[in-house]
Amino acid sequence: MPSAIVFFGPPGSGKGTQASRLAASAGILQISTGDLLRGHVARGTALGAIAKPIMESGALVPDDLVTRMLKERLAGPDAKSGAIFDGYPRTVAQARSLETLLKETGGRVDNVLFIDVPDAILVDRLLKRATLEGRSDDTKETIAERLRVYREKTAPLADLYASAGVLVTIDGDRSVEAVAADVESAVARRRAVKA
Ligand code: ADP
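Heads up, the sequence shown is in our numbering, so the first residue is -1 and it goes up one at a time.
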């Protein structure tokens, strides 16, 4: 897996939307741990049974379970040339696991795109999504908990990736197109540096 692009940001920042757009335009596989977990819940697997109540409470599924699930996904033939990660890593421990998984195949994290959006806007967006998509973790209480968990466990990844020199912060409080344009140019800049 030569190249990994990580999208990271608070719930509701639009990282999933941006990750799918980039995946489509660059022809790279997108891996969303949230979607993978929802797939397990829908199929009623053992992992799904454990994950369901945790996700509904707004907490994080334990690192070891998520990392094992991700490892399985990365073993697929479609993940050979790289992937765009959305919603992973979400903790410092997961970031270390990702590094280890990538190292095994000679890859590394090339870009970390941090989609930054103020809290007030996030709550608005998530409540709107609750009405549109009916996701069971988009209730007012769970949204507050997910934001709290994000600040505590996930936000520290910004410092980690900034010190590694791969972090690009993008203002996510703009139209999908404007954010996507910045994402494309950040990825292109990085490719030019690598080439
Ligand atoms: P959002 O970013 O809007 O919160 P996701 O689909 O990425 O949505 O995640 C939904 C839920 O799935 C999270 O609140 C968490 O419970 C679980 N989850 C997703 N990815 C991870 C991960 N990498 N580690 C632990 N839990 C995760």
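By construction, the Cβ of each residue, glycine as well, lies at the ideal position given by its N, Cα and C atoms.
Ligand 1 heavy atoms versus the CB of P9: any closer than 7 Å? yes
In chain order, which alpha helix (DSSP H) runs of at least 4 residues are fully inside the region 114 to 188? 117 to 131, 138 to 147 and 155 to 161
So what does S30 bridge to, in DSSP terms? D84
For F6, which option in V191, D157, A190 and R133 has the closest C-alpha, if you only look at C-alpha atoms? D157
Give the secondary structure of V59 by DSSP, where H, G and I count as helix, E and B as strand, and everything else as coil. coil
What did DSSP end up calling A2 once you bin it into helix, strand or coil? strand
Taking just the CA atoms, how far does V107 sit from L99? 11 Å
Less than 8 Å separating the beta-carbons of G14 and D84? yes
Excluding five sequence neighbours on each side, which residues of the same chain lie with their C-beta closer than 8 Å to the C-beta of L35? L45, G46, A49, M53, V59, V64 and M67
Would you report the Cα separation of P8 and Y86, rounded to the nearest angstrom? 12 Å
Looking at T129 and ligand 1, is the gap between the Cβ and the nearest heavy atom below 7 Å? no
The alpha helix (DSSP H) spanning A22 covers which residue range? K13 to A24
Please report how far the alpha carbon of V164 lies from the alpha carbon of D62, in whole angstroms. 25 Å
Check whether the Cβ of G132 lies closer than 7 Å to any heavy atom of ligand 1, and answer yes or no. no
Hey, is Y159 close to ligand 1, as in C-beta under 7 Å from one of its heavy atoms? no
Could you check how far apart the C-beta atoms of L27 and A81 are, in whole angstroms? I think they sit under 8 Å. 5 Å
According to the neighbour-count rule (16 or more other Cβ atoms, all chains shown, within 10 Å of its Cβ), is T43 buried or exposed? exposed
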